[in-house]
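> Chains as they are written, first to last, in the numbering used here: chain F, 1 to 362; chain B, 363 to 642.
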Amino acid sequence: MADVSLDNVFKTFGKTEVIHGISCDIQDGEFIVILGPSGCGKSTLLRMIAGLETITKGDVSIDGTVVNRLEPADRDVAMVFQNYALYPHMTVFKNMAYGLKIRKMPKAEIKRRVEDAARILEITEFLDRKPKQLSGGQRQRVAMGRCIVREPKIFLFDEPLSNLDAKLRVQMRLEIRKLQETLKITSIYVTHDQVEAMTLGDRMIVMDNGYAAQIGTPLDVYERPATRFVAGFIGSPAMNFLTAVVSADGRQVHLHRDISLTLQNGGLPGHGGQKIIMGVRPEHFVLGQAADAMLHLDLDHVEILGSDTLAYGHLGQDKTQVTLRLPSVYHFKKNTVLHLDIPSKNLHFFNTDTGQRIEMQA
Amino acid sequence: MVEHRPWLTFLTHAILIFGMLLLVIPIYVTFVASSHSLDEITAHFSLLPGTQLVENYTSALSVGPRDVGATVGTMMLNSLIMALGITLGKIFISLLAAYAIVYFKFRFRMFFFWLIFITLMLPVEVRILPTYKVAADLKILDSYPGLILPLIASATATFLFRQFFMTVPDELCEAVKIDGGGPIRFFFDILLPMSRTSIAALFVILFIYGWNQYLWPLLITTDESYYTLLIGIKRMLDVGEGQAEWQIIMASTILAMIPPILIVIFMQKQFVKGMTETEK
Chain F
1 MADVSLDNVF
11 KTFGKTEVIH
21 GISCDIQDGE
31 FIVILGPSGC
41 GKSTLLRMIA
51 GLETITKGDV
61 SIDGTVVNRL
71 EPADRDVAMV
81 FQNYALYPHM
91 TVFKNMAYGL
101 KIRKMPKAEI
111 KRRVEDAARI
121 LEITEFLDRK
131 PKQLSGGQRQ
141 RVAMGRCIVR
151 EPKIFLFDEP
161 LSNLDAKLRV
171 QMRLEIRKLQ
181 ETLKITSIYV
191 THDQVEAMTL
201 GDRMIVMDNG
211 YAAQIGTPLD
221 VYERPATRFV
231 AGFIGSPAMN
241 FLTAVVSADG
251 RQVHLHRDIS
261 LTLQNGGLPG
271 HGGQKIIMGV
281 RPEHFVLGQA
291 ADAMLHLDLD
301 HVEILGSDTL
311 AYGHLGQDKT
321 QVTLRLPSVY
331 HFKKNTVLHL
341 DIPSKNLHFF
351 NTDTGQRIEM
361 QA
Chain B
363 MVEHRPWLTF
373 LTHAILIFGM
383 LLLVIPIYVT
393 FVASSHSLDE
403 ITAHFSLLPG
413 TQLVENYTSA
423 LSVGPRDVGA
433 TVGTMMLNSL
443 IMALGITLGK
453 IFISLLAAYA
463 IVYFKFRFRM
473 FFFWLIFITL
483 MLPVEVRILP
493 TYKVAADLKI
503 LDSYPGLILP
513 LIASATATFL
523 FRQFFMTVPD
533 ELCEAVKIDG
543 GGPIRFFFDI
553 LLPMSRTSIA
563 ALFVILFIYG
573 WNQYLWPLLI
583 TTDESYYTLL
593 IGIKRMLDVG
603 EGQAEWQIIM
613 ASTILAMIPP
623 ILIVIFMQKQ
633 FVKGMTETEK
């Protein structure tokens with residue numbers, strides 16, 4: 001049980017700076033997901049909290065105490081590794097008991113804690129086996145059991161589900177969330193999988209190249225992405241980006257000479273005449289009537305997934321590629337024209353140079 | 363690959379049997395000779411076991427060869443002490459050296475690694491004179507430390523353990539750190555048990571290496587009570603004008619072969635495992 005605070009944390013390896021100042025306050029009992037593509041520094045950040053990497057600049061505090069110079073053991077954290085890192089020569093019981101044994105806990109107490117954890121994780125029958133004799137999912141449970149028995153202040157997860165097959169991943173995802181809700185232990189979870197991030201986290205930190213691009217609740221990040229990177233990273237299929245010019249009064253955007261969208265809300269009055277990037281999620285297109293539709297899409301390709309239909313096409317003279325996702329099944333023919341509307345509230349605008357979000361007036 | 367060519371089968375078997383006989387016959391002759399009396403050996407002896415087997419071996423083990431001053435039993439014990447000392451010492455030092463090189467960051471780490479690696483290419487014989495001088499100055503000639511210490515460092519074993527340690531995932535070390543253990547715990551609780559099979563394989567190789575040491579013990583032992591068996595056999599042959607006690611020599615030779623064979627027989631399972639698989 002602890003809150004964690006990152007205060008302007010930097011990390012450099014040799015001469016390369018990989019984390020460029022991240023600040024975040026994590027509440028007691030909160031489940032935080034650090035999300036980002038590979039190489040964005042998310043694992044490094046987690047390892048700095050764990051104490052496996054030194055902190056170049058800034059402070060990491062746990063429960064108000066700066067832990068920068070503390071060994072991992074003294075930070076009272078437990079960690080699940082991507083490859084589980086179970087001790088191969090020890091039985092499951094010994095694997096789980098090892099951390100407690102080092103802390104010189106009485107044997108009876110160790111036994112009680114390990115058996116309790118094994119019951120919660122449903123691995124009681126495997127306690128005498130070696131990791132080699134377990135399946136991926138079972139090893140994953142043992143790795144979590146090793147953390148639970150410690151009753152640490154913080155759980156750290158480093159892409160724990162990435163070695164599992166898709167079905168097991170969904171199941172373990174649910175279990176991790178349930179477990180965390182039961183134990184109420186502050187958890188920090190690193191992943192590159194946006195679905196895990198959306199479903200697990202109370203809040204998420206979206207990382208882009210060593211910067212925290214956005215920190216917020218999953219829904220917040222989905223609905224109001226702070227940068228073009230976040231907008232493109234969250235959501236599948238990815239958001240469509242179109243270059244556009246704002247009209248002088250800010251009430252319209254011109255996609256090309258031939259396409260103009262009228263903004264139904266307050267529009268972008270402060271940005272008249274500017275070149276901007278407009279983002280639309282594939283799922284936010286609405287089929288409209290030929291006469292008054294905003295956009296006319298030339299259809300290139302259709303994928304019917306059963307639950308949804310994905311349509312790929314291009315717009316206007318410069319043939320900007322656009323993807324849309326429509327609920328339920330549509331049997332479109334190739335090379336037809338789709339008439340589309342987009343509710344103005346579902347439009348996102350970003351600065352062309354900085355990629356920062358531009359808010360519309362209500 | 364399945365081939366049905368009778369002459370090829372015949373040929374391959376013939377070559378293998380020939381090779382086997384080449385290796386086995388000398389040992390067989392040695393064994394047969396060790397069961398005959400000296401008179402029979404020096405005259406003409408049949409290739410069937412004789413009647414003196416028990417007498418020859420008892421005499422070798424308890425009385426010892428003439429002019430050598432130590433029984434074969436003593437010499438075997440010396441050989442065993444030296445072989446075990448070298449083996450265990452080499453394994454222990456190599457484990458520690460490899461642990462340092464793989465898991466600790468210190469200045470000139472790679473330099474020291476290459477320094478160790480380069481000594482792989484130097485056989486004992488190359489450094490034997492300076493080593494002798496050092497041993498003499500340390501006054502460890504004619505002693506067990508003298509037999510063992512100069513041979514105790516092993517670049518090969520260090521290199522092997524280094525290669526093995528490098529295949530151990532870093533996360534294991536980190537898991538121990540998070541579990542609250544330090545470097546000593548990681549070494550003894552995780553790394554050592556994981557290296558079990560490699561250690562067993564090296565034990566076999568190094569024991570045979572140690573048991574078969576010849577030049578170094580020959581140089582530094584003048585006191586019979588520190589003779590190793592191989593030196594003893596050499597001394598038994600140095601009889602000048604006299605008659606060598608062939609029946610004792612042959613019995614000693616057979617006895618010299620037994621410990622390495624036993625080690626191989628008892629440890630072959632671990633040996634094969636250690637050479638082929640790593641527990642991860």
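Where is the CB? At the ideal position from N, CA and C, for every residue including glycine.
1) Between the region 72–99 of chain F and chain B, which residues of the former have CB atoms less than 7 Å from a CB of the latter, in chain order?
2) Pull up the distance between the alpha-carbon of Glu-17(F) and that of Phe-549(B), whole angstroms please.
3) Could you work out which residues of chain F lie near Asp-429(B), taking near to mean beta carbons separated by less than 9 Å?
4) Pull up the distance between the alpha-carbon of Ser-344(F) and that of Leu-263(F), whole angstroms please.
5) Could you tell me the distance, in whole angstroms, from the CA atom of Gly-272(F) to the CA atom of Glu-283(F)?
6) With a threshold of 7 Å on Cβ separation, who are the neighbours of Glu-607(B) within its own chain once the five nearest residues in sequence on each side are excluded?
7) Cα separation between Ala-517(B) and Tyr-576(B)?
8) What's the call for Phe-372(B), buried or exposed, on a 16-neighbour Cβ count within 10 Å?
9) In whole angstroms, give me the CA-to-CA distance for Gly-355(F) and Val-253(F).
10) Quick check on Gly-270(F): does DSSP put it in helix, strand or coil?
11) From the DSSP output, which residues share a beta bridge with Pro-327(F)?
12) Would you mind working out which of Ile-582(B), Pro-622(B), Gly-636(B) sits nearest Ala-498(B), comparing C-alpha positions?
13) Helix, strand or coil for Gly-360(F) per DSSP?
14) Should Leu-156(F) and Ile-188(F) be called a contact, given that it needs their Cβ atoms to be closer than 8 Å?
15) Anything in chain B within Cβ reach of Ala-50(F), meaning under 9 Å, just list it in chain order.
16) Per DSSP, Ala-212(F) forms a beta bridge with which residues?
17) DSSP on Glu-641(B), reduced to helix/strand/coil?
18) Closest to Gly-235(F) by CA distance: which of Leu-219(F), Ala-248(F), Leu-242(F) is it?
19) Answer with buried or exposed for Leu-568(B), where buried requires no fewer than 16 other C-beta atoms within 10 angstroms of its C-beta.
20) List, from N- to C-terminal side, the beta strand (DSSP E) runs of 3 residues or more that fit wholly inside the region 229–273 of chain F.
21) With a threshold of 16 other CB atoms inside 10 Å of the CB of Leu-45(F), please say whether the residue is buried or exposed.
22) May I ask you to list, following chain order, the residues of the region 98–113 of chain F that have a beta carbon less than 8 Å from some beta carbon of chain B?
23) Name, going along the chain, the residues of the region 542–576 of chain B whose beta-carbon falls closer than 9 Å to a beta-carbon of chain F.
24) Return the CA-CA distance between Gln-632(B) and Leu-511(B), expressed in angstroms with no decimal places.
25) Taking the alpha carbon of Phe-31(F) as the reference point, which residue from Gly-306(F), Ile-358(F), Gly-216(F) has its own alpha carbon closest?
26) Ala-307(B) by DSSP, collapsed to three states: which one?
27) So, for Ala-73(F): in the same chain, excluding its five sequence neighbours on each side, which residues have a beta-carbon less than 6 Å away from its beta-carbon?
28) Would you decide whether Glu-196(F) is buried or exposed? Buried here means 16 or more other CB atoms lie within 10 Å of its CB.
29) For Pro-622(B) and His-89(F), I'd like the C-alpha separation in whole angstroms.
30) Identify whether Val-77(F) lies in helix, strand or coil by the three-state DSSP scheme.
31) Let me see if you follow: with CB-CB separation under 8 Å, is Glu-531(B) close to chain F or not?
32) Would you mind reading off the limits of the alpha helix (DSSP H) that contains Phe-473(B)?
33) Exposed or buried, what is Asp-116(F) when buried is set at 16 or more other beta-carbons lying within 10 Å of its beta-carbon?
34) Which full runs of the beta strand (DSSP E) of 3+ residues lie inside the region 37–85 of chain F, going along the chain?
From the atom records:
1) Of all residues in the region 72–99 of chain F, those with a C-beta nearer than 7 Å to a C-beta of chain B are Pro-72, Ala-73, Val-77, Ala-78, Met-79, Phe-81, Asn-83, Ala-85, Tyr-87, Pro-88, His-89, Tyr-98, Gly-99, reading in chain order.
2) Inter-residue distance for Glu-17(F) and Phe-549(B) is about 33 Å (C-alpha atoms, whole angstroms).
3) Here the premise fails: no neighbours, minimum Cβ distance about 53 Å.
4) Those two C-alpha atoms are separated by around 6 Å.
5) If you draw a straight line from the Cα of Gly-272(F) to the Cα of Glu-283(F), it is about 28 Å long.
6) Only Leu-400, Pro-427, Arg-428, Met-598 meet the Cβ criterion.
7) Note on geometry: alpha-carbon atoms of Ala-517(B) and Tyr-576(B) lie some 20 Å from one another.
8) That one is exposed.
9) Their backbone Cα atoms lie some 18 Å apart in a straight line.
10) Of the three classes helix, strand and coil, the one that applies to Gly-270(F) here is helix, per DSSP.
11) Paired residue(s): Asp-308(F).
12) Shortest Cα-Cα distance from Ala-498(B) to any of Ile-582(B), Pro-622(B), Gly-636(B) involves Ile-582(B).
13) The question names Gly, yet the displayed sequence has Met at residue 360(F). Reduced to three states, the DSSP call for Met-360(F) is coil.
14) Against a cut-off of 8 Å, the Cβ pair of Ile-188(F) and Leu-156(F) comes out as a contact.
15) Within chain B, the residues near Ala-50(F) are Glu-536, Lys-539, Ile-540.
16) DSSP lists Met-207(F) as the beta-bridge partner residues of Ala-212(F).
17) Interpretation of Glu-641(B) is limited by its pLDDT of 49, a score under 50 that renders its predicted location unreliable; the figure taken from the coordinates is listed afterwards. Note: Glu-641(B) maps to coil in three-state DSSP.
18) For Gly-235(F), the nearest C-alpha among the options comes from Leu-219(F).
19) With a 10 Å radius around the Cβ and a threshold of 16 neighbouring Cβ atoms, Leu-568(B) comes out buried.
20) With a minimum length of 3 residues, the continuous beta strand (DSSP E) runs that stay inside the region 229–273 of chain F are 240–246, 252–256, 259–262.
21) The Cβ neighbour count for Leu-45(F), taken over all protein chains shown within 10 Å, is at least 16; the residue is labelled buried.
22) The residues in question are Tyr-98, Gly-99, Ile-102, Arg-103.
23) Listed in sequence order: Gly-542, Gly-543, Gly-544, Arg-547, Asp-551, Ile-552, Pro-555, Met-556, Arg-558.
24) Cα to Cα, Gln-632(B) sits roughly 27 Å from Leu-511(B).
25) The option with the nearest alpha carbon to Phe-31(F) is Gly-216(F).
26) Only positions 363 to 642 of chain B appear in this structure, which leaves residue 307(B) out of reach.
27) No residues qualify anywhere along the chain.
28) By the neighbour-count criterion, in which 16 or more other beta carbons inside 10 Å mark a residue as buried, Glu-196(F) falls on the buried side.
29) Between Pro-622(B) and His-89(F), the C-alpha separation is close to 29 Å.
30) Three-state result, Val-77(F): strand.
31) For the record, residue 531(B) in the displayed sequence is Pro; it is not Glu. Pro-531(B) counts as touching chain F.
32) Note, Phe-473(B): alpha helix (DSSP H), 471–481.
33) Of the other Cβ atoms in all chains shown, fewer than 16 fall within 10 Å of the Cβ of Asp-116(F); this residue is therefore exposed.
34) 57–62, 77–80, all fully within the region 37–85 of chain F.
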